[in-house]
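Taking it in order: structure first as structure tokens, then the write-up.
There are 2 protein chains.
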Amino acid sequence: MPATVIDGRALAARLREEVATQVASMQEPPGLATLLVGDDAASEIYVRNKRRLCTQVGMRDLHRHLPADVSQGELAAIISDLNADPAVTGILLQLPLPKHLRADDLLALIDPDKDVDGLTEASAGRLALGKPGLRPCTPSGVIRMLDSAGVELRGRHAVVVGRSNLVGKPQAQLLLERDATVSICHRHTTDLAAITRTADVLVVAAGVPHLVGADAVAPGATVIDVGIHRTDTGLCGDVDTAAVAEVAGAVTPVPGGVGPMTIAMLLWNTVEAARLRSAATAAAV
Amino acid sequence: MPATVIDGRALAARLREEVATQVASMQEPPGLATLLVGDDAASEIYVRNKRRLCTQVGMRDLHRHLPADVSQGELAAIISDLNADPAVTGILLQLPLPKHLRADDLLALIDPDKDVDGLTEASAGRLALGKPGLRPCTPSGVIRMLDSAGVELRGRHAVVVGRSNLVGKPQAQLLLERDATVSICHRHTTDLAAITRTADVLVVAAGVPHLVGADAVAPGATVIDVGIHRTDTGLCGDVDTAAVAEVAGAVTPVPGGVGPMTIAMLLWNTVEAARLRSAATAAAV
Chain X
1 MPATVIDGRA
11 LAARLREEVA
21 TQVASMQEPP
31 GLATLLVGDD
41 AASEIYVRNK
51 RRLCTQVGMR
61 DLHRHLPADV
71 SQGELAAIIS
81 DLNADPAVTG
91 ILLQLPLPKH
101 LRADDLLALI
111 DPDKDVDGLT
121 EASAGRLALG
131 KPGLRPCTPS
141 GVIRMLDSAG
151 VELRGRHAVV
161 VGRSNLVGKP
171 QAQLLLERDA
181 TVSICHRHTT
191 DLAAITRTAD
201 VLVVAAGVPH
211 LVGADAVAPG
221 ATVIDVGIHR
231 TDTGLCGDVD
241 TAAVAEVAGA
251 VTPVPGGVGP
261 MTIAMLLWNT
271 VEAARLRSAA
281 TAAAV
Chain F
1 MPATVIDGRA
11 LAARLREEVA
21 TQVASMQEPP
31 GLATLLVGDD
41 AASEIYVRNK
51 RRLCTQVGMR
61 DLHRHLPADV
71 SQGELAAIIS
81 DLNADPAVTG
91 ILLQLPLPKH
101 LRADDLLALI
111 DPDKDVDGLT
121 EASAGRLALG
131 KPGLRPCTPS
141 GVIRMLDSAG
151 VELRGRHAVV
161 VGRSNLVGKP
171 QAQLLLERDA
181 TVSICHRHTT
191 DLAAITRTAD
201 VLVVAAGVPH
211 LVGADAVAPG
221 ATVIDVGIHR
231 TDTGLCGDVD
241 TAAVAEVAGA
251 VTPVPGGVGP
261 MTIAMLLWNT
271 VEAARLRSAA
281 TAAAV
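Just so you know, the sequences run in chain order X and F. The opening position of the first sequence corresponds to residue 1 in full-length UniProt numbering, with each subsequent residue numbered one higher. The opening position of the second sequence corresponds to residue 1 in full-length UniProt numbering, with each subsequent residue numbered one higher.
In structure tokens:
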């Protein structure tokens, strides 16, 4: 029997509605500051999408477009201003940056309470220690998808393929937090299929087109495909979806799977940042 | 054939000699500030040992003993002074603290460049993102032991049992950084022995006496026992060492295994903190 398809587009639309409802109930709408440096075409498209959806859910779009030759110091000063500005709930520094800028140093300046991408050192530390904080959007979107599909995580074997700071490593932490037994595989893993075949839940974020085929999946497993690649015959992921769907219990499509969830989680994180801040303010009063 | 025993005492002694040699070559000896609050008997013994070995390797012992009723604000001010004091290379806040103090908030004040225990949020973030920083002593001591025993990690399957912030989680990160395929098991893991039997390297930090027996270990595997428990018949670990030694390739004893390595790594971290600082100073000049 072919697998259930987990519809990321529908789920992301529902999540955005949920965010919009929450925004509507707030005294002040949260503000999302997107920082775009230079004229990278792909980055412009990403940022435009984020801004469009931000406005759609009723949040303030506080975009800043900076010239490609902005200096490290100027950008640092802008981040510092955004940290101090009470109208700014979340700050997103769109990567990659032009080569003369040190992205890591700039990310480190973002107030962790406004780090809606969840990618700073402070946010990574909070996640690692299981403390409240803002989590990276893609892996937390994956957890939402698993929950929506009714996939039990506690005590199940979750296998993550890939160990990037953006997806693989935080994904493993989030699955562990949900009491899964977690294995992390990568390019040095000796017999990848032997391990992925033991997974109840398999998250593939390796960046290799069609890395995971039907032989690498256990019957009934849930398979989440984080990869997205442009090929001559269209978009594809890290999973050979058509073949895997004959074996797995549930799969995510590419496109229309994890992708739409990532931006929806960014909006959700912005609301979460507003909530964390008002909780902190209330505690301080 | 019974397993090789990895002698933690001998290894720790060699590591301390290495640290002493490095200290002797420095213009200024590093200073380790241990902070002990109140009169917890076990904590006093731990701190006394750390101070003794600190002096033995030629570092400055900058101990502060504070009364049990010290306030959060007073302790925060002391940490702040130690952060600013150039004679202080490393700061160690001995836990547990009296109940009226918020340990997490105090740990968060320690300058990550002086966090020789490697337990703050900032240090956890650096580790999670693979950035330079000070690593928690016990799991980095385990990596040293594996290296000293000539155990290959790249591409091997390393299984960690336990997911504490102190050992299990950072251990998994350190093994991943060394290119092992890493699995993390815990109380919710369904069939623990089935997973540990697939380990080339097994690190047990579960806090359960004799949790791992011979049936849970693959022939030839390396088994590191982080547990230590006081029983009527003496000290024992999380591993049934006598039984496991008949199957494994190498084991660590309890006592005399991981324990002595932890303090040695604290001294090593203090030298590392001095090195990181002088590198940062050189870069700033």
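Each residue gets a CB set at the ideal place from its N, CA and C atoms; glycine is no exception.
In the DSSP assignment, X/Ala128 falls within the alpha helix (DSSP H) that extends over Glu121 to Ala128. DSSP places X/Ser148 in no beta strand (DSSP E) but in the uninterrupted alpha helix (DSSP H) bounded by Cys137 to Ser148. Within the same chain, no residue comes within 6 angstroms of X/Asp232 by CB-CB distance, once the 5 residues on both sides are set aside. Within the same chain, Cβ atoms closer than 6 angstroms to the Cβ of X/Ser140 are found at Met265, the five residues on either side in sequence being excluded. Per the coordinates, the alpha-carbon of F/Ala172 lies some 24 angstroms from the alpha-carbon of X/Asp104. When Cβ pairs closer than 8 angstroms are counted between the two stretches, the region 207-217 of chain F is seen to touch the region 237-247 of chain F, the count reaching three or more. In the assembly as shown, X/Pro30 is a buried residue. Its beta-carbon has 16 or more other beta-carbons within 10 Å. A straight-line Cα-Cα distance of about 51 angstroms links X/Leu211 and F/Cys54.
The beta-carbon distance between F/Asp179 and F/Leu153, rounded to whole angstroms, is 6 angstroms. This is short enough to meet the 8 angstroms contact definition.
For F/Arg60, the beta-bridge partners assigned by DSSP are F/Gly31.
A residue is called buried when at least 16 other Cβ atoms come within 10 angstroms of its Cβ; F/His157 meets this threshold and is buried. Those residues of the region 118-149 of chain F placed with their C-beta closer than 8 angstroms to a C-beta in chain X are Thr120, Glu121, Ala122, Ser123, Ala124, Gly125, Arg126, Leu127, Ala128, Leu129, Gly130 and Lys131, ordered along the chain.
By the C-beta criterion, the region 8-22 of chain F is judged not to be in contact with the region 68-79 of chain F, since fewer than 3 inter-stretch pairs fall below 8 angstroms. Taking the Cα positions, X/Ser278 is about 16 angstroms away from X/Leu32.
Ranked by Cα distance from X/Ile78, the options X/Pro96, X/Val182 and X/Asp111 are led by X/Asp111. Using beta-carbon distances, X/Thr190 counts as an interface residue toward chain F, with a partner under 7 angstroms. The Cβ atoms of F/Leu176 and F/Val19 do not sit closer than 7 angstroms to each other. Per the coordinates, the alpha-carbon of F/Lys99 lies some 15 angstroms from the alpha-carbon of F/Ser43.
When C-alpha distances from F/Val203 are compared across F/Pro209, F/Gly227 and F/Asn269, the shortest belongs to F/Gly227. With a cut-off of 8 angstroms on Cβ pairs, the region 123-141 of chain F is not in contact with the region 192-200 of chain F, counting fewer than three such pairs. Between the alpha carbons of F/Ile6 and F/Thr252 lies a gap of roughly 5 angstroms. CA-to-CA, the gap between F/Ala206 and F/Gly162 works out to about 4 angstroms.
Per DSSP, the unbroken alpha helix (DSSP H) holding X/Val19 starts and ends at Gly8 to Ala24. X/Gly234 sits in a strand when the DSSP states are folded into three classes. Nearest to X/Gly118 by alpha-carbon distance, out of X/Leu134, X/Gln27, X/Leu129 and X/Gly130, is X/Leu134.
Remark: C-beta atoms of X/His229 and X/Pro255 do not approach each other more closely than 7 angstroms. Secondary structure note for F/Thr181: its beta strand (DSSP E) is the uninterrupted segment Thr181 to Cys185. The region 164-230 of chain X contains, as complete beta strand (DSSP E) runs of 3+ residues, the segments 181-185, 201-204 and 222-225 (chain order).
At least 7 angstroms separates the beta-carbon of F/Gly58 from that of F/Val88. Sequence-distant Cβ neighbours of X/Val182 in its own chain, meaning closer than 6 angstroms and more than five residues away, are Ala158, Ala172, Leu175 and Leu176. Contact between F/Ile91 and F/Asp115 holds, with the beta-carbon distance rounding to 7 angstroms and staying under 8 angstroms. Assignment of F/Gly38 by DSSP, reduced to helix, strand and coil, places it in the coil class. Arg163, Asn165, Lys169 and Leu176: these are the residues of the region 163-177 of chain F whose beta carbon lies less than 7 angstroms from some beta carbon of chain X, given in chain order.
Note: F/Thr281 is not bridge-paired with any residue in the DSSP secondary-structure output. In the DSSP annotation of this structure, F/Val70 is not part of any beta strand (DSSP E), being labelled neither H nor E.
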